[in-house]
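Peer 1:
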Amino acid sequence: MSDKFTKSMARNIFIGGSLFFFLLFVGLTFDTMGSLPKRDHRENITPQVANGKMLWEENNCIGCHTLLGEGAYFAPELGNVYTRFGQNKEVIKAFIASRPVEGIPGRRSMPQFNLDDQQLDDLAEFLKWTSEIDTNNWPPNVQG
Amino acid sequence: MKYESQGVAKLYFIAALALFTAQIIFGLIMAFQYVVGDFLFPEIPFNVARMVHTNTLIVWLLFGFMGAAYYLVPEESERELHSPMLAKLLFWVFLVAAGLTVAGYLLVPYSTLAELTMNDLLPTMGREFLEQPTITKLGIVVVALGFLFNIGMTILSGRKTVINIVLLTGLLGLAVFFLFSFYNPANLVLDKYWWWWTVHLWVEGVWELILGSILAFVLIKTTGVDREVIEKWLYIIIAMALITGIIGTGHHYYWIGTPEYWQLLGSVFSALEPIPFFMMTVFAFNMVNQRRKDHPNKAAVLWALGCAVMAFLGAGVWGFLHTLAPVNYYTHGTQITAAHGHMAFYGAYAMIVLAMISYSMPFMTHGKPANSNKAQVVEMWGFWLMTISIVFITLFLTGAGILQVWLQRMGDNPQSFMSAQDSVAVFYWLRFAAGWFFLGGLVVYLYSFFVGGEPQEESA
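Which chain is which? The protein sequence lines are W and U, in order. For the first sequence, the numbering used here begins at 743 and goes up steadily by one. For the second sequence, the numbering used here begins at 2 and goes up steadily by one.
1. Run the CB neighbour count on U/Arg-432, radius 10 Å, all protein chains shown included, and call it buried at 16 or more, exposed below.
2. Go to U/Val-37, then tell me how far its alpha helix (DSSP H) extends in each direction, as first and last residue.
3. Bridge partners of W/Thr-808, per DSSP?
4. So, is U/Ala-17 buried or exposed, given that buried needs 16 or more other C-beta atoms within 10 angstroms?
5. Strictly by DSSP, which residues pair up with U/Ala-371?
6. Going along the chain, which unbroken runs of the alpha helix (DSSP H) with 4 or more residues stay wholly within the region 90 to 160 of chain U?
7. Given a threshold of 16 other Cβ atoms within 10 Å of its Cβ, counted over all protein chains shown, does U/Thr-338 qualify as buried or as exposed?
8. Note down, in chain order, every chain U residue with its Cβ under 7 Å from the Cβ of W/Ile-834.
9. Let's see if you can read the secondary structure: which residues bound the alpha helix (DSSP H) around U/Lys-222?
10. Can you give me the C-alpha to C-alpha distance between U/Trp-196 and U/Trp-256, rounded to a whole angstrom?
11. Out of U/Val-289, U/Gly-174, U/Glu-261 and U/Phe-179, which has the shortest C-alpha to C-alpha gap to U/Val-1?
12. Could you tell me the alpha carbon to alpha carbon distance between U/Val-378 and U/Gln-457, rounded to whole angstroms?
13. Does DSSP classify W/Trp-880 as helix, strand or coil?
14. Is it buried or exposed for W/Glu-844, if we count other Cβ within 10 angstroms and need 16 for buried?
15. In the structure shown, what three-state DSSP assignment does U/Ala-187 receive?
16. Does any residue of chain U bring its CB to less than 8 Å from the CB of W/Gln-861?
17. Give me the Cα-Cα distance between U/Asp-205 and U/Arg-160, rounded to the nearest whole angstrom.
18. Would you say the region 270 to 278 of chain U touches the region 311 to 319 of chain U, given that touching needs at least three Cβ pairs under 8 Å?
19. Straight-line CA distance for U/Thr-399 to U/Asp-227?
20. Take U/Leu-87 as the anchor and find which of U/Tyr-254, U/Tyr-330, U/Trp-304 and U/Ile-152 has the nearest alpha-carbon.
21. Measure the beta-carbon distance from U/Phe-148 to U/Met-67 and round it to whole angstroms, keeping in mind my assumption that it falls under 8 Å.
22. Going along chain B, which residues have a C-beta under 8 Å from U/Leu-243?
23. Anyone know if the C-beta pair for U/Gly-100 and U/Leu-114 falls short of 8 Å?
24. Sorted by chain position, which residues of the same chain lie with C-beta nearer than 8 Å to U/Ala-461's C-beta, five sequence neighbours on each side aside?
25. I want to know whether the region 56 to 70 of chain U touches the region 866 to 886 of chain W - three or more CB-CB distances under 8 Å.
26. Measuring only between beta-carbons, confirm whether U/Gly-258 sits less than 8 Å from chain W.
27. Have a look at U/Lys-3 and U/Val-9 and give me their C-alpha separation to the nearest angstrom.
28. Any heavy atom of the ligand SAM closer than 7 Å to the beta-carbon of U/Ile-247?
29. If I'm right that U/Leu-168 touches U/Ile-211 with Cβ under 8 Å, what's the distance once you round it to whole angstroms?
30. Below 8 Å between beta carbons: does that hold for U/Gln-24 and W/Gln-885?
31. Of the residues that make up the region 804 to 816 of chain W, which ones have a beta carbon closer than 7 Å to any beta carbon in chain U?
32. Can you grab the Cα-Cα spacing for the pair U/Thr-366 / U/Met-52, in whole Å?
33. Spell out whether any CB of chain W is found under 8 Å from the CB atom of U/Val-142.
34. Should U/Leu-44 be flagged as near chain W, meaning a C-beta pair shorter than 8 Å?
35. Buried or exposed for W/Lys-749, please, with buried defined as at least 16 other CB atoms from any protein chain shown within 10 angstroms of its CB.
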């Protein structure tokens, strides 16, 4: 690099640039926080939905599935599973409850998590709430 | 080795390589589960193997960064480490915490681990990469604080160079942004928004400062190029990294419930994210070309150059491939993401740690600047086998990803996820095969530490 471009100029670009863009990021974050309530429908987060999220986490569902496209790519996207399963919580519950303990020979299979009916219901409520988030029309189709 | 206390780095590097080996073994298990779904089921289901694979990666890189800091900081600061004892103590604390956590993943169901560690008091578990029990996360904070204190005291009372100040800034940022991992609201959108403040601002933010400073250190030492030149490059590279990378976080805010303007912001800024990586490549090759001496440790120079190139390809090129919002709409959460993740992590972060290990280990084992020619040749075989394998793993996952997008997300009759997975299985078989070559490369690499022979002296 040329001699006219000094080390202190480079340092100032680093400090000034990162500070400026970090503050801009904080500003954008404030704006986003303000507009989220309309998009995430937080008024619908019941204790059931909250408990469903906790169950989602404590069984490490993200270790195989994606949720809104984030997670592991081993098993189907679940952000829109409520839609995919015909907007029917019972189908979701029955699917989770019916997983064979020893798996399926040669195939991928979800583990049997031994959830009781209340827990299954909470989990399904969480997935229903998730499917109603405004995701800018993602995923492209019902297959996720 | 100019200062005795630099030697604590060796412990950290040995632990890093042991965890690296575990990471690769679990990677192979998962690669096989992709094609034979019931392999090790239900004993080690995929989600457990994946936690071990990703968490050992994070922890071995942290061990590597800490080892690098303990080696580099005394030399740059021109004084002994503030407290070598504290460094050794924290090493064992961190190793035991990591070991117990991995044992927890493997020995009991994850929900039992959550219960045992009282996750309900402060729920932080069950989110990608942040699966560690809350108590482990607290342990990481304690270790990080002790480590920063040790490193900070050394730098503040010693010579301050651009390299050690940038490194310290990066490590401080690493600790600060980790704190967002303790925020886990019931609202999934908020959870995801702030989760990226740890994950993205680590790997596409402050970790690049750590990467840049270690690379600059290795290049100063191996090329003898004037420090002023190298430090100017370092500043401008990390400036570009943060200028593009901070707002570049927006490329994670396209489809998780956040406003639409992130599509424009994220696309523009993350399209610029390859620039710092490209500059890093130009920088590394320029410095080696302008070298004032021929350092006998050829392997370390190879790792440094390889790191710059692979980081550019993996983080820069493969990141750009799917970062524009209209493309990402189709590729988000597919094997394309996995392809990018593998090459970016190996190129940017695994390779910089391996470069630092390669540079420093000879000093710490026999006090000479380089291993025997024979040992270096073996090490370089390890380099090429692992690097070429990761290129193929990335290409196969990219093939799987493109086909997956085509079958599952485009056209009038999109296939279901599982049916698309069956259709792309050939790519998973090929990836599995490439994974064995990677493991082979790792074994060769590890063997290079035991080849022995007459260490090489500094050439005149």
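From the three backbone atoms N, C-alpha and C, an ideal C-beta is built for every residue, glycine too. Source: prediction; values computed, not measured.
Peer 2: Quick look at the numbers:
1. Here residue 432 of chain U refers to the residue found at position 431 when the second sequence is read from its first residue. With 16 or more other Cβ atoms inside 10 Å of its own Cβ, U/Arg-432 counts as buried.
2. What you label residue 37 of chain U is simply residue 36 of the second sequence in a count that begins at 1. Neither: U/Val-37 is in no alpha helix (DSSP H) and is coded neither H nor E.
3. Here residue 808 of chain W refers to the residue found at position 66 of the first sequence. Its beta-bridge partners are W/Gly-813.
4. Here residue 17 of chain U is taken as the residue at index 16 of the second sequence, counted from 1. Buried: at least 16 other Cβ atoms inside 10 Å.
5. By one-based count along the second sequence, residue 371 of chain U stands at place 370. As a beta-bridge residue in DSSP terms, U/Ala-371 pairs with U/Gln-457.
6. With a minimum length of 4 residues, the continuous alpha helix (DSSP H) runs that stay inside the region 90 to 160 of chain U are 111 to 117 and 135 to 157.
7. One-based indexing of the second sequence puts residue 338 of chain U at position 337. Buried.
8. Along the first sequence, one-based indexing puts residue 834 of chain W at 92. Taking a Cβ-Cβ threshold of 7 Å, none of the residues of chain U is close to W/Ile-834; the smallest such distance is about 15 Å.
9. Your numbering for residue 222 of chain U matches position 221 in the second sequence. Segment 208 to 224, the alpha helix (DSSP H) holding U/Lys-222.
10. Working through the second sequence from its first residue, we reach residue 196 of chain U at position 195. Working through the second sequence from its first residue, we reach residue 256 of chain U at position 255. When only Cα atoms are considered, U/Trp-196 and U/Trp-256 end up about 15 Å apart.
11. Residue 1 of chain U is absent from the structure shown; chain U starts at 2 and stops at 461.
12. As a working note, residue 378 of chain U is residue 377 in the second sequence. As a working note, residue 457 of chain U is residue 456 in the second sequence. Within the model, the alpha-carbon separation for U/Val-378 versus U/Gln-457 is close to 13 Å.
13. For this step, residue 880 of chain W is matched to residue 138 along the first sequence. Coil at W/Trp-880, not helix or strand.
14. Indexing the first sequence from 1 puts residue 844 of chain W at position 102. Its Cβ having fewer than 16 others within 10 Å, W/Glu-844 is exposed.
15. Locating residue 187 of chain U in the second sequence gives position 186, counting from the first residue. Note: U/Ala-187 maps to coil in three-state DSSP.
16. Along the first sequence, one-based indexing puts residue 861 of chain W at 119. For W/Gln-861, no CB of chain U lies under 8 Å from its own CB, so it is not counted at the interface with that chain.
17. Reading the second sequence from its first residue, position 204 is the one you call residue 205 of chain U. Reading the second sequence from its first residue, position 159 is the one you call residue 160 of chain U. Before going further, note that residue 205 of chain U is Glu rather than Asp in the sequence given. Their backbone Cα atoms lie some 29 Å apart in a straight line.
18. Judged by Cβ distances under 8 Å, the region 270 to 278 of chain U makes contact with the region 311 to 319 of chain U, as three or more pairs qualify.
19. Walking along the second sequence from the start, residue 399 of chain U turns up at place 398. Walking along the second sequence from the start, residue 227 of chain U turns up at place 226. Those two C-alpha atoms are separated by around 41 Å.
20. Within the second sequence, the letter at position 86 stands for residue 87 of chain U. With distances taken between Cα atoms, U/Leu-87 lies closest to U/Ile-152.
21. By one-based count along the second sequence, residue 148 of chain U stands at place 147. By one-based count along the second sequence, residue 67 of chain U stands at place 66. Confirmed, Cβ separation roughly 6 Å.
22. Protein chains W and U are contained in the structure displayed, whereas chain B is not.
23. Along the second sequence, read from residue 1 onward, the residue named residue 100 of chain U stands at position 99. Along the second sequence, read from residue 1 onward, the residue named residue 114 of chain U stands at position 113. No; because the gap between Cβ atoms is not below 8 Å, this pair is not in contact.
24. Position 460 of the second sequence holds residue 461 of chain U. Residue placement at U/Ala-461 is poorly supported in this model, since its pLDDT is 49, which falls under 50; the coordinates are not used for a value here.
25. Taking 8 Å as the limit for Cβ pairs, the verdict is that the region 866 to 886 of chain W does not touch the region 56 to 70 of chain U.
26. Against the second sequence, residue 258 of chain U aligns to sequence position 257. True, the Cβ-Cβ gap to chain W drops below 8 Å.
27. The residue labelled residue 3 of chain U in the question sits at position 2 within the second sequence. The residue labelled residue 9 of chain U in the question sits at position 8 within the second sequence. Cα-Cα distance, rounded: 13 Å.
28. Only the bare structure without any ligand can be found here, which leaves the ligand SAM out of the picture.
29. Here the question's residue 168 of chain U lines up with position 167 in the second sequence. Here the question's residue 211 of chain U lines up with position 210 in the second sequence. The C-beta distance from U/Leu-168 to U/Ile-211 rounds to 6 Å, short enough to fall under 8 Å.
30. Residue mapping note: residue 24 of chain U aligns to position 23 of the second sequence, counting from 1. Residue mapping note: residue 885 of chain W aligns to position 143 of the first sequence, counting from 1. Remark: C-beta atoms of U/Gln-24 and W/Gln-885 do not approach each other more closely than 8 Å.
31. Answer set for the region 804 to 816 of chain W: Ile-804, Gly-805, Cys-806, Thr-808, Leu-810, Gly-811, Glu-812, Gly-813, Ala-814, Tyr-815 and Phe-816.
32. Sequence index remark: in the second sequence, residue 366 of chain U carries index 365 (1-based). Sequence index remark: in the second sequence, residue 52 of chain U carries index 51 (1-based). Put simply, the backbone Cα of U/Thr-366 is about 33 Å away from that of U/Met-52.
33. As a position in the second sequence, residue 142 of chain U is number 141, starting the count at 1. So no, U/Val-142 is outside the interface.
34. By 1-based counting over the second sequence, the position of residue 44 of chain U is 43. Sequence check: residue 44 of chain U is Glu here, not Leu. No, its Cβ sits nowhere closer than 8 Å to a Cβ of chain W.
35. What you label residue 749 of chain W is simply residue 7 of the first sequence in a count that begins at 1. Buried, since its Cβ has 16 or more Cβ neighbours within 10 Å.
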